[in-house]
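Below: the structure, in structure tokens.
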Amino acid sequence: MATLGLSKVFILDKYFTELQKFWETEKKLQDASSSNEAVHLQQRLRSLSTELVTLRNRLHVQGGQPATVKGGGGPIPPLAPVSTAPQPAVPPRSAHNNVPAPIGSVTQQQRPQAPSSGSSSNLEDLIHLHGPLTEDAVMKCLQARFQASNFYTNVGPILLCVNPYKEVGNPLTLSSTRGIALSPQLNKVVQEAVRQQSETGYPQAIILSGTSGSGKSHVSMLLLRQLFAVAGGGPETDAFKHLAAAFTVLRSLGSAKTMTNSESSRIGQFIEVQVTDGALYRTKIHCYFLDQTRVIRPLPGEKNYHIFYQMLAGLSTEERTKLNLEAQTITSLRYLQYGDTRQDTIEDSNRFQAWKNCLGILGIPFLDVVRVLAAVLLLGNVQFMDGKGLEVDVKGEAELNAVAGLLGVSGGALFRGLTSRTHNARGQLVKSVCDANMSNMTRDCLAKALYCRTVATIVRRANSLKRLGSTLGTLSSDSNESVHNQAEVTSQHASTIGGSTNAGSKSMAALNNAIRHATDGFIGILDMFGFEEPKPSQLEHLCINLCAETMQHFYNTHIFKSSIESCRDEGINCEVEVDYVDNVPCIDLVSSLRTGLLSMLDVECSIRGTAESYVSKIKVQHKNNSRLFDPKPIDPRLFCIQHFAGKVVYDATDFLDTNKDVIPDDLVAVFYKHSCNFGFATHLFGSELKALYSVETVPRGVSFRISPTSHTDLLNGDEPVSTLTQDFHTRLDNLLRTLVHARPHFVRCICSNSQEAANRFERGIVVRQIRSLQVLETVNLMAGGYPHRMRFKAFNMRYRCLAPFAKLNRTEEKVTDDCNLILQYVMDSIGKQQSLVSTSYAMGKRHIFLSEGIRQQLEKLRSETRQKAATLIQSCWRGWHCRYRMSAIRREKTVNQPPVSRTAIGGTRPRPQPIAGTPPPDPNEKCDAKIIQQTCNLFGLDLERPPPVPPSRSYTVTGNTKLGYPQTRVMKMTYPEDTTTGDDGPVLLKGETVLVVGASHRRGHLIVEHKHCTLHVPFQFLELKQSVNI
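Numbering (the working numbering), first residue to last: 286 to 1315.
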């Protein structure tokens, strides 16, 4: 709000206008019909309350006398309180803990006038916003920067990215983003991560979050490209090319068009880049979850995975014939026809060719992969129907035989695997025939298993490539174990050791070094799922939204909760109260151990329940939970959850079948190597086949997971080890353990509109994300709280260059005094500057607490001090070096005066011409005169009289034999070549035999005698005649 510097009358009028809005919002809050609306109204009340308090304080700041209205009238009485309830007003931002406000620290009441839209577009950090911190002010700043093509804005160390949708058709791979200019903000994030990793040795994690379509994948590729430029040698290295090929392949296999995003990533990726001594060592790709149901049934208006459409557009006629796809189109394939059938054939064909080339770079056989993909497509056209007998009838027998041929098995074996089941009934194996419904479900399970395992195999192959001469990476796509997880036990042990004595300090240092060694060189880029609300939402979407909730909770914990609790533990009185929304109740609702929705779903799967019974049980269990409620209209299979980013209605119809994630061993046994001649298909089920054939009885009524897991242990019964949700929850826990040991760098991505239109800024869409990401609360904390804390020793080590060296104690006992001395000099240096944010700090028991303003000032002064020191060191050395060289040159000229030669009387001797074929000497490249003189004295040389050219040798060499003169040679070409000049000299014709009597003084010429004439002929014109040697 633009208030400072305006007349008091305008401020007073603005105050009553905002007061009226406050009363109207308070009335709406009393009549709110939902909890979501109440939360938004409460946030609106807080912002209005802050604005009212600021306006009221402006009247007191501008003068102690009561304001008088223009045109007469008495003084205005003091303003009444806004509300009897406690107001969450923004307090002064320069309060220390028992420390007076330093000079130059600015409170919110002292903020200057709000800038114009032009200056807002140049505001790179929201903590420097003029005027009160309101949602409207943040929105105006983001919109002004968006319109000025500034899509990246900082909130202290946190980066906000507004997606402009300029690269909608971009496949978003490392190769496709090479031509895109990198913003300074993204460059700063990468350089900060590399710097902290190199200085501390601890792992770093760049965490991208935001709704689906907010540009996370695009930003992750830009960050990875910049990380290679900083630490990996750039895009011309083999490591970059291999990784770019891997992302090109995975982009087609793992992305699909949804209702809100035409390039939606359905695979969460954690890119682990190991850096040692500032250089990239190797990379790993961790994949989390796959939208399996999309393979067989995309939602209405959405598409299946991109690779299917690209394959149909890019395969040649011969390839389509080999894959039995010559007569197939999008509308004829059942797995594709129920979604969006529109296609850009040219674009898909170009992407497919790039995908094919990248498979070759990774060393993966192209034909093996497309055989599996073609089999998946054709499986959808195989339908089973109940027949008259026990067995089911097949509709699409030709497609069934084609699938069997592509997978290298017989049609009868594949039919039996799809339509029969083996059961273990109290130790007795019973064979049964499946009905049409069960057979169709098994067919869909096979299609999902083939696709998921193909993706996992490609990821394993990408991770097994050598990176910059390193050892082979053996991490598979389904395993999240890595060296950095080894630090958990060490860190737990380290937390139990005291550090009061020297021995304890040494033990702690040794353990810290062990942790650093275990996590050496780790820089991760996390591109996880964004919040989604499709209609209807399936189990996969519930897991995706749970992941988004977890990432939001990690952000809340690291930014808000840790700051508040650290201040409270060390007795710091931070007057800024950040009222953030905690989403732990929603996470507990979904993932708590016994009563969570996922746990109850596992129980319902174990007792073979139904969707209706599952929904009724969760509603009874959580009837008092405000996060779970019935949608309208009420349906026995639907339930609604209030997530941090909005309401989502879930359809539980396929929850149980999707969660079971089961493929029977009758079908897996079909791909055993003795009955399957397609090695790639056998490899896809390699672990399961090994476990299955470890016992003689096959099949024996066991089941396996559709998606590959990190283990192959089986239960005694007929159920797999874990369900889909259990496996996903385990992976998510492993990811969180990895992030806990890393230093996070947050990048918050925001959608600019819902139509993917370029350069369109929709305030309603952006405001909703600003509220869910809690940007306003973050700005409030960064501008007025203590979001940063450092150990005294670490602070002293980093910023001691800002204080005079002679005044520092430089002892561990007085490290606190050194910190105070450093801060005193810093505050004196910035005291005369007009700062817009708090430059406060507070001394705790173990840490020093810093506001974002003082941290930025410290970093700025440190950079300036180091730059000045480097300039001074360089200037001193260069001055000394020049003076030393000048004195040395003068001494050489005085002492080593060359004697006057006899040739100087008649003129200087001309310099001999260089030998033909050698480059002329570089005049700028001069040797040291002293070295030249020493060399001449050593070998007895005279600079004025160079040695004569050695005489030509009296022989030629052919092979290992020396041939003396004279020699008989044959003319290879006529000499001279040009015989039309009218010269009466002799001519040597091609094929004529001549006599060579010696080497000419002309370089490269021989002396030839022919018909009593002597000629100097280039040796290229002559060919040795070895049969005659005179």
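Even glycine gets a Cβ: it sits at the ideal position worked out from N, Cα and C.
For residue i, the first and last residue of its enclosing beta strand (DSSP E)
i, result
"residue 1360", "Here the chain comprises residues numbered 286 to 1315, so residue 1360 is not present and cannot be evaluated."
"residue 1308", "1307 to 1309"
"residue 1128", "1126 to 1128"
"residue 448", "443 to 448"
"residue 680", "677 to 680"
"residue 716", "713 to 718"
"residue 931", "931 to 936"
Nearest residue (CA-CA) to residue i, options the options
i, options, result
"residue 677", "717, 743, 645, 589", "717"
"residue 328", "1087, 1103, 1053", "1053"
"residue 703", "308, 1080, 955", "955"
"residue 818", "910, 689, 926, 835", "926"
"residue 471", "500, 508, 835, 491", "508"
"residue 1071", "1124, 695, 721", "1124"
"residue 839", "1031, 1166, 550, 962", "1031"
"residue 557", "528, 581, 540", "528"
"residue 934", "518, 830, 1022, 942", "830"
"residue 712", "1272, 1242, 986, 432", "986"
"residue 1130", "1077, 865, 630, 440", "1077"
"residue 554", "1243, 666, 490", "490"
"residue 856", "1132, 697, 836", "1132"
"residue 1271", "1250, 1295, 1286", "1295"
"residue 1029", "564, 423, 828, 836", "836"
"residue 579", "559, 568, 620", "620"
"residue 970", "872, 990, 984, 980", "990"
"residue 482", "670, 637, 565, 496", "565"
"residue 422", "1086, 1137, 1055, 903", "1055"
Contact under 8 Å by Cβ, residue i with residue j
i, j, result
"residue 1107", "residue 1126", "no"
"residue 922", "residue 897", "yes"
"residue 1033", "residue 1058", "yes"
"residue 530", "residue 446", "no"
"residue 691", "residue 710", "no"
"residue 1238", "residue 1173", "no"
"residue 313", "residue 326", "yes"
"residue 475", "residue 515", "yes"
"residue 493", "residue 812", "yes"
"residue 413", "residue 861", "no"
"residue 592", "residue 663", "no"
"residue 887", "residue 1008", "yes"
"residue 448", "residue 1036", "yes"
"residue 876", "residue 1014", "yes"
Beta-bridge partners of residue i, as assigned by DSSP
i, result
"residue 807", "559"
"residue 1254", "1279, 1309"
"residue 1292", "1283, 1301"
"residue 1241", "1248"
"residue 572", "554"
"residue 988", "949"
"residue 493", "812, 1032"
"residue 892", "Partner(s): none; residue 892 has no beta bridge."
"residue 924", "935"
"residue 914", "925"
Span of the alpha helix (DSSP H) around residue i
i, result
"residue 581", "578 to 581"
"residue 709", "Note, residue 709: premise wrong, no alpha helix (DSSP H); beta strand (DSSP E) at 705 to 710."
"residue 527", "523 to 539"
"residue 474", "469 to 485"
"residue 837", "824 to 841"
"residue 722", "721 to 748"
"residue 424", "420 to 432"
heavy atom of the ligand HEM below 7 Å from residue i C-beta
i, result
"residue 1070", "As presented, the structure is devoid of all ligands, the ligand HEM included, so that no description of it is given."
Short CB-CB distance (under 8 Å) between residue i and chain D
i, result
"residue 1058", "Absent from the structure: chain D. Only one protein chain is present."
Fully enclosed by the segment 1012 to 1094, which alpha helix (DSSP H) runs are 4 residues long or longer?
Annotation note: the segment 1012 to 1094 contains the following uninterrupted alpha helix (DSSP H) runs of length 4 or greater, listed N- to C-terminal: 1048 to 1057, 1060 to 1069, 1077 to 1084.
Quick one: complete beta strand (DSSP E) runs, 3+ long, within the segment 1135 to 1182?
Fully contained in the segment 1135 to 1182 is no beta strand (DSSP E) run of length 3 or more.
At 4 residues or longer, what runs of the alpha helix (DSSP H) sit wholly inside the segment 589 to 660?
As far as the segment 589 to 660 is concerned, its whole alpha helix (DSSP H) runs of at least 4 residues are 591 to 599, 602 to 607, 619 to 622, 630 to 647.
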